[in-house]
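Heads up: the structure comes next, in structure tokens.
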Amino acid sequence: MNISVICVGKLKERYWTDAVGEYSKRLKSYCNLEIVELKESRLPDKAGPAEEQAVKEAEGEEILKKIRSGVYVVTLEVKGRMLSSEKLAEKVEKLAVDGVSNLVFVIGGSLGLSEAVSRRADFKLSFSEMTFPHQMMRVILLEQLYRSFKIIRNETYHK
Numbered sequence: 003m004n005i006s007v008i009c010v011g012k013l014k015e016r017y018w019t020d021a022v023g024e025y026s027k028r029l030k031s032y033c034n035l036e037i038v039e040l041k042e043s044r045l046p047d048k049a050g051p052a053e054e055q056a057v058k059e060a061e062g063e064e065i066l067k068k069i070r071s072g073v074y075v076v077t078l079e080v081k082g083r084m085l086s087s088e089k090l091a092e093k094v095e096k097l098a099v100d101g102v103s104n105l106v107f108v109i110g111g112s113l114g115l116s117e118a119v120s121r122r123a124d125f126k127l128s129f130s131e132m133t134f135p136h137q138m139m140r141v142i143l144l145e146q147l148y149r150s151f152k153i154i155r156n157e158t159y160h161k
């Protein structure tokens, strides 16, 4: 399976890059992983709702440019569907069995995802009703994907 993670913003702190590097290395045994980092749009100081919307739309356009046709898209959204680790593993396994070989996960920037990106999703996934920094979500997503593959293969890791 080919998995791409499209994310807005670069990881600046070493602890994030180290964590992403570790899970990326672990995932190599289970899938081809590509991480696509997009530049975060500049938000003016004291921006109003219209400026925030313009930033979300600009970031959304860049995200959509990176999504090829024929791929299965999972967006990470607060209002998405929450799954247990086991259910996420079942979802990934079912997609593979159904012939989905290209899976794209999308993590928006600090303002979230544009409506156009949300509409493009084949599945909207939520990790919590809480809001997390997009850098942290990248690490959490990769860890959960690693956990999913371990569950699918009945390997020790998941407890």
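Sequential numbering of the sequence shown, starting at 3, is according to this note's numbering.
Beta carbons are placed, not taken as given, at the ideal position from N, Cα and C, and that holds for glycine.
- Item | Residue of Val10, Lys27, Cys33 and Glu92 minimising C-alpha distance to Arg44 | The residue given as residue 44 occupies position 42 in the sequence shown. Looking at the Cα atoms, Val10 is the closest of the given residues.
- Query: Below 8 Å between beta carbons: does that hold for Gly62 and Ser128?
  - Reply: What you label residue 62 is simply residue 60 of the sequence shown in a count that begins at 1. What you label residue 128 is simply residue 126 of the sequence shown in a count that begins at 1. No, these two residues do not count as a Cβ contact at 8 Å.
- Message: Less than 8 Å between the beta carbons of Ile109 and Arg155, yes or no?
- Response: Start at 1 with the first residue of the sequence shown, and residue 109 comes out as number 107. Start at 1 with the first residue of the sequence shown, and residue 155 comes out as number 153. Going by C-beta atoms, Ile109 is not nearer than 8 Å to Arg155.
- Query: Mind checking Gly50: buried by the 16 CB within 10 Å criterion, or exposed?
  - Reply: In the sequence shown, counting from the first residue as 1, residue 50 sits at position 48. Per the 10 Å Cβ criterion, exposed.
- Message: Would Leu90 and Ser31 be called neighbours here (beta carbons separated by less than 8 Å)?
- Response: Residue 90 sits at position 88 when you count from the first residue of the sequence shown. Residue 31 sits at position 29 when you count from the first residue of the sequence shown. Not in contact: Leu90 and Ser31 (Cβ atoms no closer than 8 Å).
- Determine the direct distance from the alpha carbon of Glu92 to that of Leu78, and round the result to whole angstroms. The residue you call residue 78 lines up with position 76 of the sequence shown. The residue you call residue 92 lines up with position 90 of the sequence shown. If you take the alpha carbons of Leu78 and Glu92, they lie about 17 Å apart.
- Message: Taking 8 Å as the threshold (C-beta atoms), are Tyr74 and Val106 in contact?
- Response: Translated into the one-based positions of the sequence shown, residue 106 becomes position 104. Translated into the one-based positions of the sequence shown, residue 74 becomes position 72. Yes, the Cβ-Cβ distance between Val106 and Tyr74 is below 8 Å.
- Query: Using a Cβ-Cβ cut-off of 8 Å (strictly less than) and excluding sequence neighbours within five positions of Leu29, which residues of its own chain qualify?
  - Reply: Counting from one through the sequence shown, the residue named residue 29 turns up at place 27. So the qualifying residues of the chain are Ile5, Leu35, Leu144, Leu147, Tyr148 and Phe151.
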